[in-house]
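A quick write-up on the structure given underneath.
Protein chains: 2
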Amino acid sequence: MLPVPSDRAVLAALGGAGYRLTAPRRVVARLIAGQRGHFTADDLVARSRTERLGLGRATIFRSLDILAGLGVVERLDLPTGDHAFVGCEPDHHHHLVCSRCGRSTDVEDSGLADLVADLGRRSGYQVETHRLELFGVCPDCQAGRATLKAAG
Amino acid sequence: MLPVPSDRAVLAALGGAGYRLTAPRRVVARLIAGQRGHFTADDLVARSRTERLGLGRATIFRSLDILAGLGVVERLDLPTGDHAFVGCEPDHHHHLVCSRCGRSTDVEDSGLADLVADLGRRSGYQVETHRLELFGVCPDCQAGRATLKAAG
DNA sequence: GGTCTATTGAGACTGAGTCTCGATTGGTGG
DNA sequence: CCACCAATCGAGACTCAGTCTCAATAGACC
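Protein chains in written order, with my numbering: chain A, 0 to 151; chain B, 0 to 151.
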């Protein structure tokens, strides 16, 4: 149940939206598919450098921008203040992020929608968007089966 | 019901925690107390400059750091990705932020704690912290009584 | 294969936030 | 009221994420 999209899924999303399937974008897709948990733009830049993939800094940021727009990855604000991304399914949901290994799990809205509607009603605000982020320790890490953040 | 702490409250929090009540910190307290909605560190830097308050950049960042630690202000991640702060009461709660005027309202946990506990139970995660941010249009702005973000 | 336009990469640039370090000052004891 | 000393300050250098520009490149479609 890893929320990591395959590189094919990433490319399909790009193609479906009318973006060109360029060589650099294929590489980015592969990098994202290789991420187990959340990752920063700079993680990808670093991998691109160490693995001599030849991706430009700007290209990585641009690609992530597009993919975030398509909902293939989602922006995440870590408690540290860092900006990160996670690969995910493109519908509205929230993230439960492991503070140890970085792996994240999608969480469906369940009762939250009601709660948000209720808060809106009581406050008089016309709520447009909301964001719920949960941070904790995943079952594997609790069990000591610590899966490292580093990906293949 | 503005969640803006008075400058006295800010100073009391500092003093109570053993921090010195220096002249620059009094100025920062006054600036924060004068903010109606959320504000960035740079907003304060800018006001300090235009009003010739003589605050150093580092001092403002340091003060905000301390105050965030004390719970007098809270860090906020705007949907734009910017980092901002809001003055607030120092207990656990969440923010409902007006996307038009920037004013924010504290929201108590109500049903959220249960929801979070439930999500934790179902996912197997041991949830440590969570963050809920709501963005929408406040009653005043809906009514056209647009209160500008700029403060006194 | 040729064309046309989206895309790319290098690198300059911006702006937030941090760090250093000598100068200053609040708070306390005398 | 004054002196003392650690906490704090400000200036400015620095770092690092993210953006922008622009000439060169390369998908997609014919």
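In this text, a Cβ means the ideal position worked out from N, Cα and C, and glycines have one as well. In this text, all values refer to a predicted model and were calculated from it rather than measured experimentally.
Contact set between residue i and chain B, taken where Cβ atoms lie within less than 9 Å
| i | result |
| --- | --- |
| Cys137 of chain A | Ser122, Gly123, Tyr124, Gln125 |
| Gly80 of chain A | Arg74, Asp76, His82 |
Identity of the residues DSSP links to residue i by a beta bridge
| i | result |
| --- | --- |
| Gly135 of chain A | A:Cys97, B:Val126 |
| Ala83 of chain B | B:Leu75 |
| Asp105 of chain B | B:His94 |
| Phe38 of chain B | B:Phe84 |
Interface flag, residue i vs chain A, CB-CB below 7 Å
| i | result |
| --- | --- |
| Val85 of chain B | no |
| Leu133 of chain B | yes |
| Gly151 of chain B | Because Gly151 of chain B sits at a pLDDT of 35, beneath the cut-off of 50, its placement in the model cannot be relied upon, and the following sentence gives the value as read from the coordinates. For Gly151 of chain B, the answer is no, since every Cβ of chain A falls outside 7 Å of its Cβ. |
| Leu43 of chain B | no |
| Gln34 of chain B | no |
| Lys148 of chain B | Note that Lys148 of chain B has pLDDT 45, beneath the 50 cutoff, so the model's placement of it is unreliable and the number below is only indicative. So, not an interface residue. |
Neighbour flag for residue i against chain B, beta carbons, 7 Å
| i | result |
| --- | --- |
| Arg130 of chain A | yes |
| Phe38 of chain A | no |
| Leu52 of chain A | no |
| Leu118 of chain A | yes |
| Gly143 of chain A | no |
Contacts of residue i in chain A (Cβ-Cβ under 9 Å)
| i | result |
| --- | --- |
| Gly70 of chain B | The contacting residues do not exist; Gly70 of chain B stays about 15 Å from chain A at best. |
Beta carbon of residue i nearer than 7 Å to that of residue j
| i | j | result |
| --- | --- | --- |
| Glu127 of chain A | Gly135 of chain B | yes |
| Ser122 of chain A | Leu95 of chain B | yes |
| Ser109 of chain B | His37 of chain B | no |
| Cys87 of chain A | Glu73 of chain A | yes |
| Ala32 of chain B | Asp6 of chain B | yes |
| Tyr124 of chain B | Cys137 of chain A | yes |
| Arg56 of chain B | Val71 of chain B | no |
| Arg120 of chain A | Glu132 of chain B | no |
| Pro23 of chain A | Thr58 of chain A | yes |
| Leu54 of chain B | Val26 of chain B | yes |
| Ala83 of chain A | Thr49 of chain A | no |
| Leu77 of chain A | Val85 of chain A | no |
| Gly28 of chain A | Leu10 of chain A | Looking at the sequence itself, residue 28 of chain A is Ala, so the reference to Gly does not match. Against a cut-off of 7 Å, the Cβ pair of Leu10 of chain A and Ala28 of chain A comes out as a contact. |
| Asp113 of chain B | His92 of chain B | no |
| Leu30 of chain A | Arg19 of chain A | no |
Residues that residue i contacts on chain A, provided the C-beta gap is smaller than 8 Å
| i | result |
| --- | --- |
| Leu114 of chain B | Ser109, Gly110, Leu111, Leu114 |
**Asked** Closer than 8 Å, Cβ to any Cβ of chain A: which residues of the region 94–111 of chain B, in chain order?
**Response** Of all residues in the region 94–111 of chain B, only Leu95, Cys97, Ser98, Thr104, Val106, Ser109, Gly110, Leu111 come within less than 8 Å of chain A when Cβ atoms are compared, listed by chain position.
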